[in-house]
Amino acid sequence: MNISEIFSQKFGDSAEAFSIRSPGRVNLIGEHVDYNDGFVLPIAVPLEVNLKVRPRMDRRVELYAANFDDLRGFSLDNLTHQQTWIDYVQGVAHELAGASVPLHGFEGVVISDVPVASGLSSSAAIEVGAALAFLHLAQQPMAPVDVAKLCQKAENKFVGVNCGIMDQMAVAACRENHALLLDCRDYSTRQVPFRLQKHSIIVTDSAAPRELASSAYNERRAQCETGLAQLQIKMPHVSSLRDVSPEDLQQYGGDLDPIVRKRVQHVVDEIARTVYACENLEKDNLEVFGECMNGSHASLSELYEVSSPELDWLTNWARKQPGVLGSRLTGAGFGGCTVTLIENSGVDSFLENQPREYTAAMKREARCWVCTAVEGAQIL
Ligand code: GLA
């Protein structure tokens, strides 16, 4: 059944209903740098959360998640944690109320083909989608960057996940056929044309559990803070690792604890690498872009230590295939997805062989998608 059929079955008349699409994202390069004021370069992908909702007369939100066959609701006057997906919607309501947006109740269906917990930002997609629903009913437009900041706050404060700004910005602000170069220091963006003619992007879900992800993520953030505080003793003018160049680190990083030094090395290199990769993308030097992707993965694996046997296997395998220019883990790591840049001529055999050989080697079922850059979240 499609979303309209499910809507009619659950809620009947759809005269006042409206629809929202809110895509997942894949980051091409710039990993674990958003919370260090660095640059990231995501695209929105054609795996999407879709909502169809209509206003209610009372102050309740009732949503049916078709994927989980789960109807959940809450009162806008009593937001209490339910420890389930509806908390993303409640968190957004909480932040919008805090921003003095008048909230109206609604009901409807949410359906998603963004795989859950695979690092393609299904949570940011539902947050931004919910924000657009509330804002539409309040007849209060909001700039994508403000929607993203508000949704990040919802995730940080209400849901309790300490993420950076990348995912919500990608979902809210990406444009079709463009990658989003986001400066996480001042939230300025550049839409970088990304309409590949002879190449494709393949996203592969490793289907490996991400249990460690949140504790390790917080640990990495803390290590970056420790590194920054120590560097500031010798470099009092720096306010984030963004201000530290690879040369600075060479000069002043000698006293850092070896683990902290590795983490900081990744961050300063990755920020420089992302700028360089983006310059080359803009000049259509995809070979160089691919090398940067490989360099990013090596750094995430060896210095930042957020890869996994599965992600290393998938990216190593990818690099040996005909036509592959680069392959790396994408998102927080510890499971989740890889992203591969490949010539079109190699795509079919890649799609056919990677899942099969991965299952044989790693005993898990990978899924692959060829992804174009789609438009960020919108009311349809
Ligand atoms: C997760 C977070 C992002 C970002 C990435 C790593 O996706 O939500 O904010 O930190 O990890 O680049």
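FYI, this note's numbering numbers position 42 of the sequence shown as 36, with every residue one higher than the one before it. A virtual CB, placed ideally from N, CA and C, is assigned to each residue, including glycine. Model, not experiment: these values are computed from the prediction.
Check: Any heavy atom of the ligand GLA closer than 6 Å to the Cβ of Glu170?
Finding: Every heavy atom of the ligand GLA is 6 Å or more from the Cβ of Glu170, so no.
Note to self: Taking only three categories from DSSP, how would you classify Thr324?
What the structure shows: In the three-state reduction of the DSSP assignment, Thr324 falls in the strand class, which pools E and B.
Check: Where DSSP assigns a beta bridge to Thr183, which residues make up the other side?
Finding: DSSP, once it has assigned bridges, lists Leu176 as partnering Thr183.
Notebook entry, point to check: Within the present structure, is the beta-carbon of Asp64 separated from the nearest heavy atom of the ligand GLA by less than 6 Å?
Noted result: For the ligand GLA, not one heavy atom lies less than 6 Å from the Cβ of Asp64.
Note to self: Quick check: the Cα distance between Asp383 and Glu285, rounded to an integer number of angstroms?
What the structure shows: The shown model of the chain, from -5 to 374, leaves out residue 383, and the question about it has no answer.
Next item on the list: Quick one: using the 10 Å Cβ neighbour count with 16 as the cut-off for buried, is Ser117 buried or exposed?
Entry: So Ser117 counts as buried.
Checklist line | 6 Å Cβ shell around Glu170 - same chain, five flanking residues per side excluded | finding: These residues qualify, in order along the chain: Val368 and Glu369.
Note to self: Considering only the alpha carbon of each residue, which of Ala201, Val341 and Glu359 lies closest to Pro349?
What the structure shows: Comparing alpha carbon positions, the residue from Ala201, Val341 and Glu359 closest to Pro349 is Glu359.
Next item on the list: Measure the CB-CB distance between Leu319 and Leu345 and report whether it falls below 7 Å.
Entry: Result no, Cβ atoms of Leu319 and Leu345 do not sit closer than 7 Å.
Notebook entry, point to check: Under a CB-based cut-off of 7 Å, is Leu319 close to chain B?
Noted result: This model lacks chain B altogether, as it is built from one protein chain only.
Margin query: Applying the 10 Å Cβ sphere with the 16-neighbour rule, what's the burial state of Gly6?
Written below: Gly6 comes out exposed.
Next item on the list: Have a look at Thr183, Gly92, Asn338 and Ser295 and flag the residue whose alpha-carbon is nearest the alpha-carbon of Gln315.
Entry: Distance check between Gln315 and each of Thr183, Gly92, Asn338 and Ser295 places Asn338 closest, using alpha-carbon atoms only.
Next item on the list: Given a cut-off of 7 Å, decide if Leu73 and Arg53 are closer than it, judged by their beta-carbon atoms.
Entry: Taking C-beta atoms as the reference points, Arg53 and Leu73 fail to come closer than 7 Å.
Notebook entry, point to check: With distances taken from each beta carbon to the nearest heavy atom of the ligand GLA, which residues come in below 5 Å, in chain order?
Noted result: In chain order, the residues with a C-beta atom nearer than 5 Å to some heavy atom of the ligand GLA are Glu25, His26, Asp28, Cys157, Gly158, Met160, Asp161, Gly325 and Ala326.
Check: Just checking, does the stretch 84 to 93 make contact with the stretch 144 to 156 on the three C-beta pairs under 8 Å criterion?
Finding: Three or more beta-carbon pairs separated by less than 8 Å link the stretch 84 to 93 to the stretch 144 to 156, which places the two stretches in contact.
Note to self: In the DSSP output, which residue or residues are listed as bridge partners for Trp363?
What the structure shows: Within the DSSP bridge table, the entry for Trp363 names Val197 as partners.
Item checked: Residue environment, Gln217, which counts as buried when at least 16 other CB atoms sit within 10 Å -> Its Cβ being crowded by 16 or more others within 10 Å, Gln217 is buried.
Margin query: Can you tell me whether Met136 is buried or exposed? The criterion is at least 16 other CB atoms within 10 Å of its CB, across all chains shown.
Written below: Met136 is buried by the Cβ-count criterion.
Next item on the list: Please determine, among Asp263, Ala91 and Leu294, the residue with the shortest C-alpha to C-alpha distance to Leu235.
Entry: Comparing Cα positions, the closest option is Asp263.
Notebook entry, point to check: The beta strand (DSSP E) with Lys46 in it runs from where to where?
Noted result: Looking at the DSSP string, the run of the beta strand (DSSP E) that includes Lys46 is Pro36 to Pro49.
Next item on the list: Tell me whether Phe62 is buried or exposed, calling it buried when 16 or more other Cβ atoms sit within 10 Å of its Cβ.
Entry: Exposed is the call here.
Item checked: Contained beta strand (DSSP E) runs [length at least 3] in the stretch 100 to 128, N- to C-terminal order -> Within the stretch 100 to 128, the complete beta strand (DSSP E) runs of at least 3 residues are 100 to 106.
Next item on the list: Sort His260, Leu129, Gly289 and Ala326 by Cα distance to Ala271 and report the nearest one.
Entry: A check of alpha carbon separations from Ala271 across His260, Leu129, Gly289 and Ala326 identifies Gly289 as the nearest.
Item checked: Sequence-distant residues of its chain with Cβ nearer than 7 Å to Ser208 (five each side left out) -> Here the set comprises Val155.
Checklist line | Run of the alpha helix (DSSP H) containing Thr353, from where it starts to where it stops | finding: Here the alpha helix (DSSP H) through Thr353 covers Asn338 to Met356.
Check: At a cut of 8 Å, does the stretch 102 to 114 reach the stretch 128 to 143 through at least three beta carbon pairs?
Finding: Pairwise C-beta distances place the stretch 102 to 114 out of contact with the stretch 128 to 143, as fewer than three of them are shorter than 8 Å.
Notebook entry, point to check: Do you know how far the Cα of Met160 is from the Cα of Asp31?
Noted result: Asp31 and Met160 have their C-alpha atoms some 11 Å from each other.
Item checked: Distance between Ala9 and Gly327 (C-alpha atoms, nearest Å) -> The alpha-carbon of Gly327 is positioned some 43 Å away from that of Ala9.
Checklist line | Whole-angstrom distance between His291 and Arg361, CA atom to CA atom | finding: Computed Cα separation, rounded: 20 Å.
Notebook entry, point to check: By Cβ distance, which residues of its chain are closer than 7 Å to Gln134, with the 5 residues on each side in sequence left out?
Noted result: When the five nearest sequence neighbours on each side are left out, the beta carbons in the same chain lying within less than 7 Å of the beta carbon of Gln134 are those of Val95, in order along the chain.
Margin query: Quick test of your reading: Gly329 and Ala202, contact by CB under 8 Å. State the CB separation rounded to the nearest angstrom.
Written below: At roughly 4 Å, the Cβ-Cβ gap stays under 8 Å, so Gly329 and Ala202 are in contact.
Notebook entry, point to check: Assuming Thr332 contacts Ser343 under a Cβ cut-off of 8 Å, what Cβ separation, rounded to an integer in Å, is found between them?
Noted result: 17 Å between Cβ atoms; not a contact.
Margin query: On the DSSP letters alone, give me the boundaries of the alpha helix (DSSP H) that Ile14 sits inside.
Written below: Per DSSP, Ile14 belongs to no alpha helix (DSSP H); it is in the beta strand (DSSP E), Phe12 to Asn21.
Check: Taking DSSP as the reference, what is the three-state secondary structure of Asn72?
Finding: In the three-state DSSP reduction, Asn72 falls in the strand class (E or B).
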